[in-house]
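The structure under discussion appears below in the form of structure tokens.
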Amino acid sequence: MTDAPIIPTEEIPQARHPFAEAWEMFRRNHAAMVALVVLTLIVLGAIFGPWLYPVDPFDMVWAPFSPPGVDGFLLGTDYLGRDLLSALINGARVSIVIGLAAAVVSVVIGVTVGALAGFYRGWVEELLMRITEFFQVLPTLLFSMVIVALFGASLPMITFAIGVVSWTAVARITRSEFLRIRELEYVTASRASGAKNGKLMFRVILPNALPPIIVQAALMVGSAILFEAGLSFLGLTDPNVVSWGQVIGSNRQYILDASYTVTIPGLAIFITVLCISLVGDGLNDALNPKLRQR
Amino acid sequence: MEPLLKVENLRIELTTRAGIAPVIDNLSFELGAGESISFVGESGCGKSMTALGIMGLLPEKVGRIASGSITFNGEELTTASEKRLRSIRGNDISMIFQEPMTSLNPVYTVGEQIAEVIRAHQGLSRKAAWAQAIELLDAVRIPNAKGRVSDYPFQMSGGQRQRVMIAIALACEPKILIADEPTTALDVTVQAQIFDLLNEMKRQTGASIIMITHDMGAVAEMAERMIVMYAGRKAEEGPVQQIIEHPRHPYTKGLISCVPHIMSTISTERHPLTEVPGIVPGLMDFGKNRCLFASRCNKVTQKCADERPSEMAFDAGQQSACWYAQEV
Chain G
1 MTDAPIIPTE EIPQARHPFA EAWEMFRRNH AAMVALVVLT LIVLGAIFGP WLYPVDPFDM
61 VWAPFSPPGV DGFLLGTDYL GRDLLSALIN GARVSIVIGL AAAVVSVVIG VTVGALAGFY
121 RGWVEELLMR ITEFFQVLPT LLFSMVIVAL FGASLPMITF AIGVVSWTAV ARITRSEFLR
181 IRELEYVTAS RASGAKNGKL MFRVILPNAL PPIIVQAALM VGSAILFEAG LSFLGLTDPN
241 VVSWGQVIGS NRQYILDASY TVTIPGLAIF ITVLCISLVG DGLNDALNPK LRQR
Chain Z
1001 MEPLLKVENL RIELTTRAGI APVIDNLSFE LGAGESISFV GESGCGKSMT ALGIMGLLPE
1061 KVGRIASGSI TFNGEELTTA SEKRLRSIRG NDISMIFQEP MTSLNPVYTV GEQIAEVIRA
1121 HQGLSRKAAW AQAIELLDAV RIPNAKGRVS DYPFQMSGGQ RQRVMIAIAL ACEPKILIAD
1181 EPTTALDVTV QAQIFDLLNE MKRQTGASII MITHDMGAVA EMAERMIVMY AGRKAEEGPV
1241 QQIIEHPRHP YTKGLISCVP HIMSTISTER HPLTEVPGIV PGLMDFGKNR CLFASRCNKV
1301 TQKCADERPS EMAFDAGQQS ACWYAQEV
């Protein structure tokens, strides 16, 4: 190769790494940035709070209905004299863990179904999409209540119940991305270099289909938290674990006398879910190429 | 000697909304070891379908090989199992595509993509495959291969990406390299470099090359033999030099006269640049028992409309599917 002609250096486009570009786009969304900061604080509070504020949320620590700030209890006490701040901190753990786990469950189910349907087409697609539609038309709250009522109100079962009723959106998004990407030239090129179907599906196509799936998964964490709150408000929750919805549910009779017992955990849910939605919106800005030009 | 690749009476059918159309109709050709052959023709005349047919990558449920045979090294490919085809693809026969901008996976580094093919076919360790990827990048003359191996495709220019594609295609030292319009998307200076590279690689590895193009200049540069395709049929076949000097099919003649010539002495005289009038017939006309070029041909007679021309043989394996090949 010593006699090889000298190749003039072709111009190298100074493209930036996609991650750098995505972060840039995310940062431009101010609401998402604020939400990200608040969300980080909430998560840190959920992780380290129980060490910093070691009060058992089930202990009766003071007289009932002590308003916030009075008698040394920052957020007051509930109808059984339990510390609301402690309930909020420990409830955050449950809410966030269930939110994340349920999102993982629905992403796993949804991506598998959507990938198989979009990749293989034909009768596989027909069958899987009909199943998806079946799950889509089920009344979600009712169906998850039935699952929890039948199989017991443990945290894993609640997580599973929420995941099972919310995977359909992921499946549809994954399928549509697969339908688009499977026709692209680099997929044919991989096929031409002898790639197997499994590899084509999960190593070639899936990584390219991830951005909208990530956005959907982020939004799903929020809706899973709401879902869990709804279920535990109705009492379908592990009674040995404190959660936000459960606090609201158990204090609801006293809403007129001590409205803060319901308002405070309600605000916690509201702020958390709002922040997750805003972050999801920011991710959408960052990852959706169609919005790049804005 | 048995040729490396032998295609006999190949017929590939596409199912369209209007019915079934033979996009490749009774195509036969042979490719010897170390030989390079070019397919030339307009868009939609079946060049790429031939390539995909050989690779077993016809669009699912739409395209299929209806009859004929493709034998590679004595092995029938049309009836081979998907598993067998997979091990041939990329290892014995590999392919580079038209669009270097879109034929690399955007989420992996080029090194990963080269190493992947090596690992899949030759079972090398991750580390050995990576080292070989660097060597290959160096071989396709990417400057600073060691540094560029962990670049993503978006960090490379079109020409560099096509070099990476060539590196992937040659990673397992295939016996046949199919190049489907490898330089169409590149600018002219880069085209010349890619041709040089392909020729160099061919010398080094002894691979046969099937080059698909609509560029007569590319044919002259790359191939020893050429096949001119028209509407899914072979119009003419023969040694490149001979065909360019004396085409025996009106279509080939038209194609050649479409290429502008640069005069050695500058003069004010301007030869008009000709074109082949008309367009390729619609898919539904494919497969009819008549000359499909007739509507655009200036030598057309009743016979052309009544019967499909048979192939007429000339010196040195030149063949032409025209009733009046003698007179052209």
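For the record, the sequence lines run as chains G and Z. First residue of the first sequence: 1, per this note's numbering; consecutive thereafter. First residue of the second sequence: 1001, per this note's numbering; consecutive thereafter. Glycine included, each C-beta is placed from N, C-alpha and C at the ideal position.
In this structure, D1151 of chain Z sits near V1110 of chain Z, with a CB-CB distance shorter than 8 angstroms. With the criterion set as a beta carbon lying under 7 angstroms from some beta carbon of chain G, the members of the segment 1092 to 1112 of chain Z are S1094, M1095, F1097, E1099, T1102, S1103, L1104, N1105, P1106 and V1107, in sequence order.
The Cβ neighbour count for S259 of chain G, taken over all protein chains shown within 10 Å, is under 16; the residue is labelled exposed. For T140 of chain G, the secondary structure class from DSSP, reduced to helix, strand or coil, is helix. For V1188 of chain Z, no chain G residue has a C-beta closer than 9 angstroms to its own C-beta; the minimum C-beta separation is roughly 13 angstroms.
Using a C-beta cut-off of 8 angstroms, the segment 1166 to 1186 of chain Z makes contact with the segment 1086 to 1103 of chain Z, since at least three inter-stretch Cβ pairs fall below that distance. Residue pairing by DSSP places E1076 of chain Z opposite Z:T1071 in a beta bridge. Residue G:L184 holds the alpha-carbon nearest to the alpha-carbon of Q1098 of chain Z among G:L184, G:A286 and G:L206. For N240 of chain G, there are no neighbours in chain Z by C-beta distance under 9 angstroms, as the nearest C-beta there is about 44 angstroms away.
Contact between G1041 of chain Z and M1229 of chain Z is confirmed by a C-beta separation of about 4 angstroms, below the 8 angstroms threshold.
DSSP places L1014 of chain Z in the uninterrupted beta strand (DSSP E) bounded by L1005 to T1016. Residue contact with chain Z for V204 of chain G: present (Cβ-Cβ distance below 8 angstroms to some residue of chain Z). Closer than 8 angstroms to the CB of R1011 of chain Z there is not a single CB belonging to chain G. In this structure I1037 of chain Z is not in contact with I1024 of chain Z, their Cβ atoms being roughly 16 angstroms apart against a cut-off of 8 angstroms. Taking all protein chains shown into account, Q1241 of chain Z has fewer than 16 neighbouring C-beta atoms within 10 Å of its C-beta and is therefore exposed. For secondary structure counted as the beta strand (DSSP E) over 3 or more consecutive residues, the segment 1033 to 1065 of chain Z holds these complete runs in sequence order: 1036 to 1040.
In this structure, P1182 of chain Z places its C-beta atom within 8 angstroms of the C-beta atom of Q1162 of chain Z. With fewer than 16 neighbouring CB atoms inside 10 Å of its own CB, F134 of chain G falls in the exposed class.
Non-local beta-carbon contacts of I1210 of chain Z in its own chain, meaning distances under 6 angstroms to residues more than five positions away in sequence, involve I1037 and I1178 in chain order. Under the DSSP assignment, R28 of chain G falls outside any beta strand (DSSP E), being part of the alpha helix (DSSP H) whose first and last residues are P18 to R28. Within the segment 1098 to 1184 of chain Z, complete beta strand (DSSP E) segments of at least 3 residues are found at 1176 to 1180, given in chain order. In this structure E1237 of chain Z is buried. Its beta-carbon is surrounded by 16 or more other beta-carbon atoms within 10 angstroms.
A Cβ-Cβ separation of about 5 angstroms places G118 of chain G in contact with L179 of chain G under the 8 angstroms criterion. A Cβ-Cβ contact shorter than 8 angstroms links L206 of chain G with A115 of chain G.
An exposed status is given to W23 of chain G, since fewer than 16 other beta-carbon atoms sit within 10 Å of its beta-carbon. In this structure, A32 of chain G places its C-beta atom within 8 angstroms of the C-beta atom of L278 of chain G. Between R1308 of chain Z and R1296 of chain Z, the gap from beta carbon to beta carbon reaches 8 angstroms or more. Along the segment 1215 to 1283 of chain Z, the alpha helix (DSSP H) occurs as fully enclosed runs of 4 or more residues at 1216 to 1222, 1240 to 1245 and 1250 to 1257, listed in sequence order. Look at the segment 1194 to 1209 of chain Z: the residues with a C-beta under 8 angstroms from a C-beta of chain G are D1196 and E1200.
Take G1044 of chain Z, set aside five residues on each side of it, and the residues of its chain with a beta-carbon closer than 6 angstroms to its own are V1280, in chain order.
Residues of chain G with a Cβ closer than 7 angstroms to the Cβ of M1055 of chain Z are, in chain order, A192. At the C-beta level, W1130 of chain Z and A1120 of chain Z stay beyond 8 angstroms of one another.
In terms of Cα proximity to F1039 of chain Z, the closest of Z:G1032, Z:A1192 and Z:A1051 is Z:A1051. N288 of chain G: not part of any alpha helix (DSSP H); DSSP gives it neither H nor E.
For a Cβ distance threshold of 8 angstroms, residue set G194 of chain G lies close to S1087 of chain Z, ordered along the chain.
For I1212 of chain Z, the beta-bridge partners assigned by DSSP are Z:F1039 and Z:D1180.
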